[in-house]
Ligand SMILES: [Zn+2]
């Protein structure tokens with residue numbers, strides 16, 4: 162019995178590329194430098210610091226370089242799952258370094274059978290595996306939900322699962338801003354599930370525990386922490402997330418300068434402080450948290466969609482430039498023009514690409530979210546290909562993504578109601 166287990170481990174080891182110690186520790190040294198400068202990490206606890214054998218670390222995702230915080234909680238060589246889009250945008254030499262330091266890339270929100278087997282081989286070979294289940298960092302301080310399949314995937318891996326809870330990295334580099342604001346970040350790493358829990362807990366119990374662990378509102382946490390961030394008082398770019406005025410309801414009337422966000426339709430104005438909170442001279446009108454304002458915008462959109470539209474007539478269509486990521490060149494290559502549309506059931510991309518008429522229709526159940534940058538672009542994946550859409554009105558990107566999120570949830574709810 163012992164022998165067969167050993168030969169199984171040997172087979173698994175053959176199918177994965179172990180991280181090179183030299184390259185891995187060089188990369189983590191760079192991460193530690195970046196992490197120390199930007200995030201000033203404070204480790205609350207790390208239950209994986211001296212843990213042997215294989216386990217999975219799941220981390221919440223607040224900012225682009227969250228991965229640089231992991232070497233502060235574990236000195237072992239860890240395999241890390243990240244996005245193929247990012248991988249293919251790197252120069253060949255950087256791709257090679259990633260390959261040699263335990264990087265596993267896959268398309269966001271799409272996990273092939275091959276990806277899954279690779280991850281299971283890693284844990285069977287005795288290594289730790291790091292995943293960011295939400296896939297996307299948050300744009301407004303609120304967690305993006307993890308795909309529903311995450312809990313069953315963790316059960317299938319069958320090893321201990323640790324939660325790496327990151328708090329505050331959002332404020333260091335919010336997705337809506339190009340300004341970096343070095344400041345404090347807390348990391349708390351603790352055991353969320355033991356391998357044995359997967360036999361004891363029901364699927365809904367697992368899912369609930371997972372969602373609770375991964376959920377956050379950075380502004381609520383900041384009310385307790387009150388950390389200040391250097392260059393923190395800079396609201397520029399925020400109008401791409403907060404695109405609707407909470408006072409007069411007008412869309413696309415907001416603009417930002419330095420620390421201020423103001424509405425050209427009604428004059429409503431707020432100022433951001435170095436802790437990231439918003440203040441209004443008229444305290445009755447104040448919306449203090451970006452997350453609160455953003456939730457209100459999403460609720461308004463939901464009312465609009467469900468109140469005024471029937472399934473037959475709903476469409477949100479954005480004309481856009483389209484680029485393709487197909488691995489032929491580094492990153493995306495310009496391919497043509499067209500439009501991206503959302504209906505109650507589908508996301509449709511059509512136009513003229515590489516001189517030919519083109520159209521894909523994808524069921525919204527496959528799209529809980531889209532990779533996106535507020536005020537710039539979003540991406541639609543189709544198998545191994547990814548299409549980058551740069552709308553003629555880039556300020557509409559967040560509304561498009563909010564709409565997709567609402568329509569996807571509506572579809573999921575309908576599916577559950579039928580079952
Ligand atoms: Zn207004």
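Residue numbers (the numbering used here): 162 to 580. Beta carbons: idealized from backbone N, C-alpha and C, even for Gly. The model shown is predicted, which means the values in this text are computed figures rather than measured ones.
When rounded, the separation of the alpha-carbon atoms in residue 220 and residue 429 is 37 Å. Only exposed fits residue 409, as fewer than 16 other CB atoms lie within 10 angstroms of its CB. Annotated as distal: residue 508 and residue 494, with beta-carbon spacing of 8 Å or more. As computed with DSSP, residue 550 is found in a beta bridge with 483, 539. The three-state secondary structure of residue 468, taken from DSSP, is helix.
Cβ-Cβ distances below 6 Å link residue 207 to 234, 350 in the same chain, with the five nearest sequence neighbours on each side left out; the list follows chain order. In this structure, the beta-carbon distance from residue 372 to residue 308 does not fall below 8 Å. In the three-state DSSP reduction, residue 408 falls in the coil class, being neither helix nor strand. Of all C-beta pairs linking the region 262–279 to the region 232–248, three or more are shorter than 8 Å, placing the two stretches in contact. The beta carbon of residue 478 lies closer than 7 Å to those of 500, 502 in the same chain, with the five residues before and after it left out. Annotation for residue 408 indicates a beta carbon within 7 Å of some heavy atom of ligand 1. Sequence-distant partners of residue 513 (beyond 5 residues in either direction) whose C-beta falls short of 8 Å from its own C-beta, in its chain, are 497, 498, 499, 519.
Here residue 327 really is in contact with residue 223; their C-beta atoms are around 6 Å apart, less than 8 Å. Short note on residue 429: C-beta closer than 7 Å to some heavy atom of ligand 1. Of all alpha-carbon atoms in 325, 312, 177, the one lying nearest the alpha-carbon of residue 360 is that of 312. Annotation: residue 284 to residue 333 spans about 32 Å, alpha carbon to alpha carbon. Taking the CA atoms as reference points, residue 335 sits about 34 Å from residue 364. Within the chosen limit of 7 Å, ligand 1 reaches the beta carbon of residue 414 through at least one heavy atom.
Taken through DSSP and simplified to helix, strand or coil, residue 557 comes out as helix.
Residue 192 places its beta carbon less than 8 Å from that of residue 229.
Residue nearest to residue 533 within the set 450, 281, 552, 178 is 552 (criterion: CA-CA distance).
When C-beta atoms of the region 462–476 are compared with those of the region 415–423, fewer than three pairs fall below 8 Å, so the two segments do not count as touching. In the three-state scheme derived from DSSP, where H, G and I count as helix and E and B as strand, residue 450 is classed as coil. Spanning the alpha carbons of residue 188 and residue 262 requires a straight line of approximately 8 Å.
Residue 283 sits in a helix when the DSSP states are folded into three classes. A Cβ-Cβ contact shorter than 8 Å links residue 531 with residue 565. In this structure, the alpha-carbon of residue 427 lies about 55 Å from that of residue 237. Rounded to whole angstroms, the gap between the alpha carbons of residue 435 and residue 383 is 11 Å. In the DSSP assignment, residue 419 falls outside any beta strand (DSSP E) and carries neither an H nor an E. With contacts defined by Cβ atoms closer than 8 Å, residue 301 and residue 547 do not form a contacting pair.
Distance from the Cα of residue 460 is smallest, within the candidate group 215, 563, 190, 293, for 563. CA-to-CA, the gap between residue 209 and residue 554 works out to about 46 Å. Residue 324 and residue 298 have their alpha carbons spaced roughly 16 Å apart. Listed in chain order, the beta strand (DSSP E) elements of length 3 or more contained wholly in the region 272–344 are 289–292, 322–328. DSSP places residue 198 in the uninterrupted alpha helix (DSSP H) bounded by 182–200.
For the 8 Å CB-CB criterion, residue 393 and residue 437 form a contact.
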